[in-house]
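Inspection log for the structure reproduced underneath, given as structure tokens.
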Amino acid sequence: MLIFGKMAPTSLSARFQQSVTPASLRAYLAEFISTFFYVFAVVGSAMASRKLLPEAAADPSSLVIVAIANVFALSSAMYIAASASGGHVNPAVTFAMAVSGHVNVPTALFYWISQMLASVMACIFLKVTTVGQHVPTFAIAEEMTGFGASLLEGVMTFGLVYTVYAAGDPRRSSLGAIGPLAVGLMAGANVLAAGPFSGGSMNPACAFGSAVIAGKFKNQAVYWVGPLIGASVAGLLYDNVVFPPQAPDSAMRGVSEGVGV
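Going left to right, the sequence shown walks through residues 57 to 317 as my numbering numbers them.
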């Protein structure tokens, strides 16, 4: 899945050249395809539940439908893009990787463009093919404040990104297809826990695409500020506190020194 390793310090021009190589272009295309189908499934499932359930907002089954769609769509989207791009499928994941030094800034920006463009295109496709059916947007509950919703989205995204790091860490046992499934399950659990309160987005691109097509940007900052902060904290905590990098022979040196004493 994700390739863990710090980026070597280079000049801005060199980093930009690294971001436009054939391998990088394939990564952006992979992110576009995966994010398109992820948003298509998540937003489409919400539209389908509203089509089948007139009172979808008050029917618990609609929440379950969206949660299951998140599990299946995110697991599959990450799996099919893992070898080409790392399977971010989320600007918050890309932001965390950039903050942690795993991805350079120009590459992260291209990832963002691919992800947000894919989200908008998926929502346009849904709008056109369903003959103008309303595209739902992520919204916070009336009793929630923007600050509270941002905290909620931040905590959920923290859990999601922390799982992404753990699932893609080669220092752990090889997880194969179980890694993306673990991430999908975390996303589905978060939707079940907080969907009625903050919308359960955890993905700025998904929230942005539906907002653009619906023309409603109310509380859009909730789905950027919270997830980006939560993702950054998760990445930094995983890399520097819980599972910090260790030189291959450091453990053996410690053993040797202990024996010498």
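Quick reminder that beta carbons are idealized off the backbone N, C-alpha and C, glycines included. All figures in this text were calculated on a predicted structure; none of them were measured in a lab.
With residue i as the anchor, note down where its alpha helix (DSSP H) starts and where it stops.
i      : result
Ser254 : 234-254
Ile124 : 116-141
Met172 : 161-185
Val220 : 202-224
Ile288 : The residue you asked about is not Ile; residue 288 is Ser in the sequence shown. Here the alpha helix (DSSP H) through Ser288 covers 278-293.
Arg106 : 78-108
Met258 : No alpha helix (DSSP H) contains Met258, which DSSP labels as neither H nor E.
Met155 : Correcting the residue identity first, residue 155 is Val in this sequence and not Met. Looking at the DSSP string, the run of the alpha helix (DSSP H) that includes Val155 is 147-156.
Taking Cβ positions, are residue i and residue j nearer each other than 8 Å?
i      : j      : result
Leu119 : Tyr94  : no
Phe264 : Leu208 : no
Tyr167 : Tyr221 : no
Val176 : Ile285 : no
Ser206 : Val278 : yes
Gly143 : Met153 : no
Val155 : Gly251 : no
Pro283 : Met258 : yes
Ala138 : Glu87  : no
Val145 : Thr91  : yes
Gly271 : Asn126 : no
Val191 : Ser117 : no
Just confirm the distance between the C-beta atoms of residue i and residue j, as a whole number of angstroms; I'd bet it's less than 8 Å.
i      : j      : result
Ala287 : Phe151 : 6 Å
Gly235 : Ala223 : 3 Å
Pro260 : Pro147 : 5 Å
Gly255 : Ala174 : Rounded, the Cβ-Cβ distance is 19 Å, inconsistent with contact.
Pro162 : Phe72  : 5 Å
Among the options, which residue has its Cα nearest to the Cα of residue i?
i      : options                        : result
Ser132 : Ile121, Val98, Asn160          : Val98
Gly291 : Cys262, Val211, Leu248, Ala233 : Val211
Gln74  : Ile124, Pro147, Asn160         : Asn160
Tyr294 : Ala104, Phe214, Met258         : Phe214
Leu248 : Ile124, Val298, Phe128         : Ile124
Met103 : Ala79, Leu165, Val184          : Val184
Comparing the C-beta of residue i with each C-beta of chain E, is any distance below 8 Å?
i      : result
Trp280 : In summary, chain E is missing from the structure at hand, where a single protein chain is found.
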